[in-house]
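First up is the structure itself, then whatever we jot down about it.
Chains as they are written, first to last, in full-length UniProt numbering: chain Z, 1 to 401; chain L, 1 to 401.
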């Protein structure tokens, strides 16, 4: 296995990972493309002038440059960081992580959120619709999804102001700060190659469109959501903030993570039938921390619907795909209680509050709480690589003007 | 009343209207800002070099230039088209309508679709959920809305390929061309001034953010929608195409259309309480034609929720607003059968097919059908002004690859 001339042996951000960010520094405020290596950010265009045309303005530029450029940039960055002959030239362009300001990694075009975890959908069905079957009749026939608000996708580290809105109480409808503020631990897929309108993307071509993955926390105000969501779906309960990791890991880094998805219980219609496709399950291990306490370890391997299925479904009606489209998996929950990717499920809607390491209990988020989601994937040569974290802290609600 | 030196006496696109478009011509392919006057398009920057900085690239430039520029451009265009001394200078910059290629008028940031017509929501409730109360309990407490797909907003005149997707039949789930393809006649509001995250827009400040209005046809595949929409709302049933008029009429042209909205049956919580606000109902008269046959005359005056209420609600949780955000009213239906803004309602879900002038009947759209929506509003000095039309023709479904 190739190794780097940098001393990063203990890091999960080695040569097998190499996620991208858009960053700037106090010294140079121009947004530009960075690659993470250990605890440094490689300033790609500064280190390799030949790549500058592939990454103008940061990751937006790399996405637009297309798959051949993606391959070229990853290969060249790998060479620069592994060939000892490059060290002298490259080292000046390694920015210590603490000096890099990590920006929203790319301009989000449309944002779609799926609902691809059977365990999550089942849990939510039990909690929100206790008198019905937990899974709606359509659930195993198609990956349910809906459009979110692209404008409120924010980069990890952005504070989240507790939203205010309408909720139903035994005494009537109240407009006030959400008292059931939650997280959703998700994986986001970043589209790097668009498609024309009326030209659906088949399953087998999904990898030609997806650039890579990021971690996503789709903050959710469960009380606002519960009151508003019938019949047109979640709106204000979700649209106040969606946090995304600054690091986008290219698909090329996830080859060793590919596994078969769970068995399908219902035969799938042609455009979703992936039985002949190479496996697109992903063996990612997530960790969710509240104020440093590990509260959940959601296994992405248990997700029912795969990214190609989400993409094929999203475009099955001819919807256009654009560079910068983001589609997320929906909350990742495994079958075990300690694998649930939302507090709604972890605390069973307030019925079973859980403890943090400091002894305090939670059902939902309190002001000042900080939530951090991390994840790792198997590395090609053994060991694991890391995805960059997504974190955010809750600020108190603001009074209405 | 001011009159123009152009002979436009019979036109509803006179000096009181002056809607904007982004256009180009065969001779000059650069997208630029146009103002409609009669059957001509005024090339604004060419006619008034002093305004060029306010409209770079077309309407996007004017939106970004802000409210003072909006006032200045409208005043200057009015002067140029009314002062006989300007005729010689301005006339060369009037492009005959048939020579102008009208483009998507602005870059759509986020697209939200509301559900603001009580009559429409009641009709749809009866048809989609016959065993429940037609209006959901939340309907009169808040303007229900959801995010649509910004990337598939297309300009009037763009053909619409019949979408293919899953629908439920007595024999099981079928993937095939939609057989219940419908329209939704709507009014869209174009945001010209954004807001910061966590900074809701109060009702009284809505006019500081809304630039103007456009006509919208939110094409809908009712069979796809009915199968997919529980629990997270419409997705593929809507996201294949949303057509918008090329013309955006500034709010300044709608002063004479302002009327009181309908009486509210339920007391409104503070951020939605418009009882002290100047009236924001809009007395617009829409006409919906299928292949030239007038099938409906939806009255916008009957809409329950106003644009400021939609905007205040959309941002009540702190969601960011961006220049280019588009929010639409939802289907406009009046109380009478001939005032319904969707075929679903006009044909009562296939139970009561309606006739076109050529004797053919329709419940939903057939391949080749062309739908055109037009609207007029009261003009300040009497008479009426027109909004630009939105039209589209249905092409046959494409086979799955």
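Glycine included, C-beta positions come from ideal geometry on N, C-alpha and C.
Margin query: According to DSSP, simplified to helix, strand and coil, what is residue 170 of chain Z?
Written below: Reduced to three states, the DSSP call for residue 170 of chain Z is coil.
Checklist line | Three-state secondary structure assigned by DSSP to residue 394 of chain Z | finding: In the displayed model, residue 394 of chain Z falls within a strand according to three-state DSSP.
Note to self: Along the stretch 143-166 of chain Z, where does the CB come closer than 7 Å to a CB of chain L? Name the residues.
What the structure shows: Those residues of the stretch 143-166 of chain Z that come within reach of chain L (Cβ to Cβ, closer than 7 Å) are 144, 145, 146, 147, 148, 149, 150, 151, 152, 161, 163, 164, 165, 166.
Notebook entry, point to check: Going by the beta-carbon positions, is the gap between residue 107 of chain Z and residue 388 of chain Z smaller than 8 Å?
Noted result: No; because the gap between Cβ atoms is not below 8 Å, this pair is not in contact.
Next item on the list: Give a yes or no on whether 8 Å exceeds the smallest Cβ distance from residue 141 of chain Z to chain L.
Entry: Yes, because at least one Cβ of chain L sits closer than 8 Å to the Cβ of residue 141 of chain Z.
Checklist line | Cutoff 7 Å; reference residue 97 of chain Z; Cβ partners in own chain excluding five residues on either side | finding: Apart from the 5 residues on each side of it in sequence, residue 97 of chain Z sits with its Cβ closer than 7 Å to the Cβ of 39, 40, 41 in its chain, given in chain order.
Note to self: Taking beta-carbon pairs under 8 Å, can you tell me which members of the stretch 308-328 of chain L lie near chain Z?
What the structure shows: Hits within the stretch, in order: 313, 314, 316, 317, 318, 319, 320, 321, 322, 325.
Checklist line | Chain-ordered neighbours of residue 343 of chain Z on chain L, where CB pairs are closer than 7 Å | finding: Correct list: empty, because the minimum Cβ distance to chain L is about 18 Å.
Next item on the list: With DSSP collapsed to three states, give me the class of residue 108 of chain Z.
Entry: In the structure shown, residue 108 of chain Z adopts coil according to DSSP, grouped into three states.
Checklist line | Complete runs of the alpha helix (DSSP H) confined to the stretch 49-75 of chain L [at least 4 residues] | finding: Taking only runs of at least 4 residues, the alpha helix (DSSP H) segments lying wholly in the stretch 49-75 of chain L are 59-65.
Check: What residue range is occupied by the uninterrupted alpha helix (DSSP H) comprising residue 32 of chain Z?
Finding: Run containing residue 32 of chain Z: none in the alpha helix (DSSP H); it sits in the beta strand (DSSP E), 32-37.
Next item on the list: Tell me, please, whether the CB atom of residue 270 of chain Z is closer than 8 Å to any CB atom in chain L?
Entry: The beta carbon of residue 270 of chain Z sits closer than 8 Å to some beta carbon of chain L.
Notebook entry, point to check: Can you name, in chain order, every residue of its own chain whose Cβ lies under 6 Å from the Cβ of residue 225 of chain L, other than the five neighbours on each side?
Noted result: Closer than 6 Å at Cβ, skipping near neighbours: 234, 237.
Next item on the list: Go ahead and label residue 383 of chain Z buried or exposed: buried means 16 or more other beta carbons lie within 10 angstroms of its beta carbon, across all protein chains shown.
Entry: In this structure residue 383 of chain Z is exposed. Its beta-carbon is surrounded by fewer than 16 other beta-carbon atoms within 10 angstroms.
Next item on the list: Taking only beta-carbon positions, decide if residue 136 of chain Z is within less than 8 Å of chain L.
Entry: Under the Cβ criterion of 8 Å, residue 136 of chain Z is counted among the residues facing chain L.
Checklist line | Residue-chain proximity (residue 333 of chain L, chain Z), Cβ-Cβ < 8 Å | finding: Cβ-Cβ to chain Z under 8 Å: no for residue 333 of chain L.
Note to self: Are the CB atoms of residue 333 of chain L and residue 298 of chain L within a distance shorter than 8 Å?
What the structure shows: In contact: residue 298 of chain L and residue 333 of chain L (Cβ atoms closer than 8 Å).
Check: How far does the alpha helix (DSSP H) with residue 230 of chain Z in it reach, from first residue to last?
Finding: Note, residue 230 of chain Z: premise wrong, no alpha helix (DSSP H); not H, not E.
Next item on the list: Could you pull the start and end residues of the alpha helix (DSSP H) that residue 123 of chain Z belongs to?
Entry: For residue 123 of chain Z, the enclosing alpha helix (DSSP H) covers residues 118-128.
Next item on the list: With distances taken Cα to Cα, identify the nearest neighbour of residue 203 of chain Z among Z:269, Z:159, Z:176.
Entry: The closest CA to that of residue 203 of chain Z, considering only Z:269, Z:159, Z:176, is found on Z:269.
Check: Of all the CB atoms in chain Z, is at least one closer than 8 Å to the CB of residue 184 of chain L?
Finding: Residue 184 of chain L does not count as touching chain Z.
Margin query: Taking 8 Å as the threshold (beta carbon to beta carbon), is residue 402 of chain Z in contact with chain L?
Written below: Since the displayed chain Z opens at 1 and closes at 401, residue 402 of chain Z lies outside it and no answer follows.
Item checked: Status (buried if at least 16 other CB within 10 Å, exposed otherwise) for residue 369 of chain L -> Flag for residue 369 of chain L reads buried.
Margin query: So that I know if they touch, is there some Cβ in chain Z lying closer than 8 Å to that of residue 63 of chain L?
Written below: Judged by the 8 Å Cβ criterion, residue 63 of chain L is not in contact with chain Z.
Check: Are the C-beta of residue 228 of chain Z and some C-beta of chain L separated by less than 8 Å?
Finding: So, interface residue.
Notebook entry, point to check: Are residue 216 of chain L and residue 371 of chain L touching if we call contact CB-CB under 8 Å?
Noted result: It is not a contact, given that the beta carbons lie outside the stated cut-off.
Notebook entry, point to check: What do you reckon, are the CB atoms on residue 163 of chain Z and residue 317 of chain L nearer than 8 Å?
Noted result: Yes, they are a contact pair.
Next item on the list: Kindly list the residues whose CB is nearer than 6 Å to the CB of residue 310 of chain Z, restricted to its own chain and excluding five residues on each side of it in sequence; keep chain order.
Entry: So the qualifying residues of the chain are 114, 143, 327.
Notebook entry, point to check: chain L partners of residue 202 of chain Z, CB-CB under 7 Å?
Noted result: Contact note: residue 202 of chain Z reaches chain L through 401, using a C-beta cutoff of 7 Å and chain order.
Check: Going along the chain, which residues of its own chain have a beta-carbon closer than 8 Å to the beta-carbon of residue 194 of chain L, five neighbours each way excluded?
Finding: 209, 320, 321, 322, 323, 325.
Check: Do you know how far the Cα of residue 336 of chain Z is from the Cα of residue 300 of chain Z?
Finding: Looking at the two C-alpha atoms, the distance is approximately 13 Å.
Notebook entry, point to check: What's the call for residue 7 of chain L, buried or exposed, on a 16-neighbour Cβ count within 10 Å?
Noted result: Answer is exposed; the Cβ neighbour count stays below 16.
Note to self: So with CB distances below 7 Å, who are the chain L contacts of residue 115 of chain Z?
What the structure shows: By Cβ distance, chain L contributes 232.
Check: Does residue 207 of chain Z get closer than 8 Å to chain L when you measure Cβ to Cβ?
Finding: Any Cβ of chain L closer than 8 Å to the Cβ of residue 207 of chain Z would place that residue at the interface, and such an atom is absent.
Notebook entry, point to check: With distances taken from CA atoms, which of Z:105, Z:110, Z:254, Z:151 is nearest residue 55 of chain Z?
Noted result: Comparing C-alpha distances from residue 55 of chain Z to each of Z:105, Z:110, Z:254, Z:151 shows the shortest one belongs to Z:105.
Check: According to DSSP, is residue 242 of chain Z helix, strand or coil?
Finding: Taken through DSSP and simplified to helix, strand or coil, residue 242 of chain Z comes out as strand.
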